[in-house]
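Peer 1:
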Amino acid sequence: MRANWRAAFSLNNVRMRNKMLIVYFLSVFIPVVLTNVIFYNITSNNVKKQKMRDISLAIEQIRNDFMAQVNAAVGISAVIYNDTILNQYLEESYEVPSDYVNNYQSYIIGMLSKYSPVYEAIQRITLYSNNSTIIYGGQVEPITKQTREQIWYRRISASELSTPILLKTSTDYPGASGEALSIVRKISNSGGSEQWEKILKIDLHPEAIKELFHNVTLEGNLYLLRGNEVQYTTNPAISPARLADFSSFPASKGTLVFDEDFPDVSYLSKWRIVGEFRESAVLEEVHKSRISVLYLAVPNLLLSTLVIIWFTRSLNARLVRILKHMKRVKNHSFDTISYQDNKDEIGQLTAEFNRMTLQIKSLIHDVYIADIQKKELQLKRNQSQLHALQSQINPHFLFNSLETIRMRSLMKKEEETAKIIHNMAKIFRKSLAWGKDWVTIRDELDLVACFLEIQKYRFGDKLDFRIEADDSVMDMMIPKMTLQPLVENASIHGIEKSKEGGLIRVAVGTTEEGLVCTVKDNGAGIPAAKLEAILSELELSEDIGESVGIKNVYYRLKMYYQERVRFEATSEEGKGTEFRIVVKDEPNG
């Protein structure tokens, strides 16, 4: 499977020219194009976000400025509303007209006229009353039949509270344009007993509103709405003389819409500002960035393309020439390649090809055939010697010899020697007979027992051993020679180096983790630094080097079980060493 995968992605069968094209597209063309596309998208998004934010901030500023004008008018209305002297003068019944004139001249006209010069947004302050004893004129007007038919009057009359209301009203005084946005409010005295109706109307200056809403440089339209009624707009298609329905003017395709609500106060609760701007005008700078990106991309792409072409021609032409001459050599044409003394690898290859061609030509004509015959004779002689050597080493001969020695030992009643020879024969027979890499735990432990019997014969009472295994694991398969090298290591490096006798324990069983194999001795132990070096070398290097037995076991376990195996080693100098192998159960499915 891995070989098929490698073959599928190998470039060994791709011509040099095509390889260079692959390198060009993967390393130059695609990265340059992707980089510039990503750069353009990021730049476009940043510019678009900035433009959208600028427009939103501009509309928000217009909203705040308009709200400041309205709040100024509401503040003036609160001052007038709470002026008890003014309320008393308007509520009084005048038997003599001159009394009203005196009050008007001394107080009323001063109160109503002092705000307009200070606040440019205030066009006019007007008081309406139905007090028939007042001489109307100036900024005090009567509530006539025509007044009662006005929309603003009907709305303020329907309101039971004296809170201010922002409305679009008609103006009929000199210098007025016909309509204005006004703060309208009922006026009542603190006692609550009133015989006359009094209404305050503060008109906002239309020119101030116009200047406020035309302070946007982008191409688009602004709408000042109360609900869906257009109170003011910069759209020339909507007549300012009528309250148009905003929903009847849907935004065209490619239009960006911005909506800003006013804070939740009673007189601005249904008011909002809506801006409609053409997306093409907003994103004009975004489109300009395309040219900049193109100016950056073209030189990068062109320069790199020219360099690749120049480099490819330098390689491909000379390699093709060498290939043609090599094909001629196959047809026994030994012409050399004419070349300049180039110092790169292809120049060196050309020089070596010419030298090789001349040598081959010389060998063919001089000693090649004779040398071939001589080598064939030498090869046959070596094969004969190998067969003779192989025939001398016959495993059956060794088995029979060991069996003969064992029988002679039994005849001489040397039973212990016979037993050891029998164990040696079993070890030798198993090591040669096992044709497969996997054996049962039973066979592996049998091999370990034979080895330990031999070692015990060698060390005498200095060595003792215990082999413990669950019956449930005896028929399980493990890689052969998994435990024997660890037991051998414990015997040679643990017990043999110890001054006193030692015990080697081999245990095999199952836990929740899976199969657990343990080889433990109480011998000389391994110094901590050396053990750490051995374990580190297991992880970092695949070179066998020293500690052959341990590394052999570790690498074969990793090869067979991969991540399912855990190999652990602990040791304390003077107290012994323990090797522990844990094989996790293979997951189902």
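Every position in the sequence shown, counted from 1, becomes a number in this note's numbering once 28 is added. Where is the CB? At the ideal position from N, CA and C, for every residue including glycine. Small disclaimer: the values here were computed from a predicted structure and weren't measured.
#1: Tell me whether the segment 528-537 and the segment 491-510 touch, counting them as touching only if at least three CB pairs, one residue from each stretch, are closer than 8 angstroms.
#2: Report buried or exposed for Arg486, applying the criterion of at least 16 other Cβ atoms within 10 angstroms of its Cβ.
#3: Does DSSP classify Ala272 as helix, strand or coil?
#4: Roughly how many angstroms separate the alpha carbons of Leu228 and Thr191, rounded to a whole number?
#5: Alpha carbon to alpha carbon, how far is Thr199 from Gly206?
#6: Just tell me which of Glu119, Lys389, Asn344, Val51 has its CA closest to the CA of Gly375.
#7: Specify, as a first and last residue, the run of the beta strand (DSSP E) that Phe286 falls within.
#8: Report the partner residues of Ile505 according to the DSSP bridge assignment.
#9: Report buried or exposed for Arg356, applying the criterion of at least 16 other Cβ atoms within 10 angstroms of its Cβ.
#10: Which residues in the same chain have their Cβ closer than 6 angstroms to the Cβ of Val467, if we skip the five residues on either side of it in sequence?
#11: Straight-line CA distance for Glu621 to Ala186?
#12: Which residue marks the beginning of the beta strand (DSSP E) containing Lys612, and which one marks its end?
#13: From Ala379 to Arg346, what does the alpha carbon distance come to, in whole angstroms?
#14: Determine the direct distance from the alpha carbon of Asp499 to that of Asp465, and round the result to whole angstroms.
#15: Let me check understanding here. Comparing Cα to Cα, which of Ala279, Ser308, Gly522 lies closest to Lys79?
#16: For Gly604, I'd like the list of residues in its chain whose CB is within less than 6 angstroms of its CB, leaving aside the five on either flank, ordered along the chain.
#17: Since Ala477 contacts Ile495 with CB under 8 angstroms, what's their CB separation in whole angstroms?
#18: Going by the CB atoms, is the gap between Tyr128 and Ile162 shorter than 8 angstroms?
#19: What first and last residue would you give for the beta strand (DSSP E) that runs through Asp82?
#20: Taking the alpha-carbon of Pro291 as reference, which of Leu585, Met95, Val302 has the nearest alpha-carbon?
#21: In its own chain, which residues sit with a C-beta less than 8 angstroms from the C-beta of Phe274, not counting the 5 before and 5 after it?
#22: Curious, which full-length alpha helix (DSSP H) runs of at least 4 residues does the segment 503-587 contain?
#23: Going by DSSP, what residue range makes up the beta strand (DSSP E) through Thr112?
#24: Quick one: what's got a C-beta closer than 6 angstroms to Asn328's C-beta in the same chain, skipping five residues either side?
#25: In the DSSP assignment, what residue or residues form a beta bridge with Tyr251?
#26: Which term fits Thr539, buried or exposed, when burial requires 16 or more other beta carbons within 10 angstroms of its beta carbon?
#27: Can you tell me where the alpha helix (DSSP H) with Pro192 in it begins and where it stops?
#28: Roughly how many angstroms lie between the CA atoms of Asn130 and Glu225, to the nearest whole one?
#29: With a CB to CB cut of under 6 angstroms and the five nearest residues on each side skipped, what residues in its chain are close to Met502?
#30: Going by DSSP, name the residue or residues bridged to Ala497.
#31: Tell me which residue opens and which closes the beta strand (DSSP E) that Phe277 is part of.
#32: Evaluate Arg213 with the Cβ neighbour count: other Cβ atoms within 10 Å of its Cβ, from every protein chain shown; 16 or more gives buried, anything less gives exposed.
#33: Look up Arg594 in the DSSP assignment and give the residues it is bridged to.
#34: DSSP on Asp292, reduced to helix/strand/coil?
#35: What are the start and end residues of the alpha helix (DSSP H) that includes Gln151?
#36: What are the residues that DSSP puts in a beta bridge with Val226?
Peer 2: According to the data block:
#1: With a cut-off of 8 angstroms on Cβ pairs, the segment 528-537 is in contact with the segment 491-510, counting three or more such pairs.
#2: It counts as exposed.
#3: If DSSP states are grouped into helix, strand and coil, Ala272 belongs with the strands.
#4: If you take the alpha carbons of Leu228 and Thr191, they lie about 11 angstroms apart.
#5: Rounded to whole angstroms, the gap between the alpha carbons of Thr199 and Gly206 is 5 angstroms.
#6: Among Glu119, Lys389, Asn344, Val51, the Cα nearest to that of Gly375 is on Asn344.
#7: Taken as a continuous stretch (DSSP letters only), the beta strand (DSSP E) holding Phe286 covers 283-289.
#8: The sequence given here has Met at residue 505, not Ile. DSSP output for Met505 lists Thr468 as bridge partner(s).
#9: Exposed, since its Cβ has fewer than 16 Cβ neighbours within 10 Å.
#10: Hits under 6 angstroms: Lys508.
#11: For residue 621 there is no data in the structure shown, the boundaries of the chain being 29 and 617.
#12: Per DSSP, the unbroken beta strand (DSSP E) holding Lys612 starts and ends at 604-612.
#13: Ala379 and Arg346: Cα-Cα distance of roughly 12 angstroms.
#14: Going from the Cα of Asp465 to the Cα of Asp499 covers about 22 angstroms.
#15: Lys79 has its Cα closest to that of Ser308, out of Ala279, Ser308, Gly522.
#16: So the list reads Asp549, Asn550, Gly551, Gly553, once near-sequence residues are dropped.
#17: With 8 angstroms as the limit, Ala477 and Ile495 qualify as a contact, their Cβ atoms being about 6 angstroms apart.
#18: Contact flag set, yes.
#19: Going by DSSP, Asp82 is part of no beta strand (DSSP E) but of the alpha helix (DSSP H) stretching over 58-109.
#20: Minimum Cα distance to Pro291 is reached at Met95.
#21: Cβ neighbours of Phe274 within its own chain (closer than 8 angstroms, five residues either side excluded): Tyr251, Leu253, Asn256, Glu257, Val258, Val302.
#22: Secondary structure in the segment 503-587: the alpha helix (DSSP H) runs of 4 residues or longer, each lying completely within the stretch, are 512-517, 556-568 in chain order.
#23: According to the DSSP assignment, Thr112 belongs to no beta strand (DSSP E) but to the alpha helix (DSSP H) extending over 112-119.
#24: The answer, listed in chain order, is Val60.
#25: According to DSSP, Tyr251 bridges with Thr261, Val302.
#26: Classification of Thr539: exposed, given that the 10 Å Cβ count is below 16.
#27: Per DSSP, Pro192 lies in no alpha helix (DSSP H) and is assigned neither H nor E.
#28: So the alpha carbons of these two residues sit roughly 21 angstroms apart.
#29: Taken in chain order, the residues that qualify are Ile469, Arg470.
#30: According to DSSP, Ala497 bridges with Val536.
#31: Counting along the chain, no beta strand (DSSP E) covers Phe277, and no H or E run does either.
#32: So Arg213 counts as buried.
#33: According to DSSP, Arg594 bridges with Val610.
#34: Judged by DSSP in its simplified three-state form, Asp292 adopts coil rather than helix or strand.
#35: Gln151: not part of any alpha helix (DSSP H); member of the beta strand (DSSP E) spanning 150-157, first to last residue.
#36: The sequence as given places Lys at residue 226; Val does not occur at that position. According to DSSP, Lys226 bridges with Ser157.
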